[in-house]
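Engineer: First the structure, which I've put down as structure tokens, then a few questions once you've had a look.
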Amino acid sequence: MSDTTTVQFDLAPPSDDERRRLEGDLDDAERHVLLEHGTEAPFCGVFLEEKRPGVYTCRLCGLPLFHGGQKFESGTGWPSFTSPFSEDHLTTIRDTSYGMVRSEIVCARCGSHQGHVFPDGPPPTGERYCINSVSLEFTANGEALPDKLGRGAPEGEAWEG
40 MSDTTTVQFD LAPPSDDERR RLEGDLDDAE RHVLLEHGTE APFCGVFLEE
90 KRPGVYTCRL CGLPLFHGGQ KFESGTGWPS FTSPFSEDHL TTIRDTSYGM
140 VRSEIVCARC GSHQGHVFPD GPPPTGERYC INSVSLEFTA NGEALPDKLG
190 RGAPEGEAWE G
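In the numbering used here, the protein residues as written are 40 to 200.
Shown next, in the form of structure tokens:
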């Protein structure tokens, strides 16, 4: 079992060659959301009903973004979490699109759009990280985390999330 306080993840952005390879693996819907800051339709994402314990990682680069135990049913139509895997794994950007002021969240390593964070979540954080399913991949407890950039650790490590 791993502990997020002791495992350090490489947050260096992908090289141009790595980015081209990773982007080449995306389908149209993933490309629209991750690279063009789009949004998937509500109530259609593959992780909306996911309840197994594990870790949600960035679909593009594989960085852990959320623990399964932080997921909750928000009724909004998108997977929602109370807090990130680690504060330094997400970057917040002011988003003024669609006549609103929101906080967009992107993967801190590759800059891929994940969704938005709102101040209307449940305790203990009061935050709701509203995430597109196509922005994520899921690793169940006991499975190895993805090593999409070939940088080694913590590849092959069984994970508890």
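Where a beta carbon is used, it is the ideal one built from N, C-alpha and C, also for glycine.
This one's a predicted model, so the numbers in the text were calculated from it and none came from an experiment.
1) I need the boundaries of the beta strand (DSSP E) containing G189, first residue and last residue.
2) When the Cα atoms are used, what is the spatial distance from D67 to G77?
3) Report buried or exposed for E196, applying the criterion of at least 16 other Cβ atoms within 10 angstroms of its Cβ.
4) What residues are listed by DSSP as bridge partners for V85?
5) Counting only runs of 3+ residues fully inside the stretch 138 to 194, write out the beta strand (DSSP E) ranges in chain order.
6) Quick one, which of P185, L184, Y168 has its alpha-carbon nearest C122's?
7) Can you tell which of S142, L104, Y137, G116 has its C-alpha closest to the C-alpha of E126?
8) For the beta strand (DSSP E) containing G93, list its first residue and its last residue.
9) Quick one: is L137 buried, meaning 16 or more other Cβ sit within 10 Å of its Cβ, or exposed?
10) Give the secondary structure of L61 by DSSP, where H, G and I count as helix, E and B as strand, and everything else as coil.
11) Count Cβ pairs between the stretch 147 to 154 and the stretch 96 to 103 that sit closer than 8 angstroms; are there 3 or more?
12) Which residues does DSSP list as the beta-bridge partners of D134?
13) Locate the alpha helix (DSSP H) running through H71, then write down its first and last residues.
14) Tell me, please, which residues DSSP counts as bridged to P52.
15) So is V140 buried or exposed if we call it buried at 16+ other beta carbons inside 10 Å?
Structural biologist: Quick look at the numbers:
1) The residue you call residue 189 lines up with position 150 of the sequence shown. Unbroken run through G189: none, as it is neither H nor E.
2) Translated into positions along the sequence shown, residue 67 becomes position 28. Translated into positions along the sequence shown, residue 77 becomes position 38. Roughly 11 angstroms between the two C-alpha positions.
3) Sequence index remark: in the sequence shown, residue 196 carries index 157 (1-based). With a pLDDT of 49 at E196, under the threshold of 50, the modelled position of that residue is not reliable, and no figure is offered here.
4) As a first step, residue 85 must be located in the sequence shown, where it is residue number 46. Its beta-bridge partners do not exist; DSSP assigns none.
5) 141 to 146, 152 to 157, 167 to 170, 175 to 179
6) Locating residue 122 in the sequence shown gives position 83, where the first residue counts as 1. A small correction: the amino acid at residue 122 is Ser; Cys does not occupy that position in the sequence shown. Out of P185, L184, Y168, Y168 has the C-alpha closest to the C-alpha of S122.
7) Here residue 126 is taken as the residue at index 87 of the sequence shown, counted from 1. Looking at the Cα atoms, L104 is the closest of the given residues.
8) Position 54 of the sequence shown holds residue 93. From DSSP, the beta strand (DSSP E) with G93 extends over 93 to 97.
9) Translated into the one-based positions of the sequence shown, residue 137 becomes position 98. As written in the sequence, residue 137 is Tyr, which differs from the Leu given in the question. Exposed: under 16 other Cβ atoms inside 10 Å.
10) On the sequence shown, position 22 is the one that residue 61 refers to. In this structure, L61 counts as helix in the three-state DSSP scheme.
11) yes
12) Against the sequence shown, residue 134 aligns to sequence position 95. Paired residues: R141.
13) Taking the sequence shown and counting its residues from 1, the one referred to as residue 71 is at position 32. That run of the alpha helix (DSSP H) goes 67 to 75.
14) Locating residue 52 in the sequence shown gives position 13, where the first residue counts as 1. Beta-bridge pairing links P52 to no other residue.
15) The count along the sequence shown starts at 1 and reaches residue 140 at position 101. Flag for V140 reads exposed.
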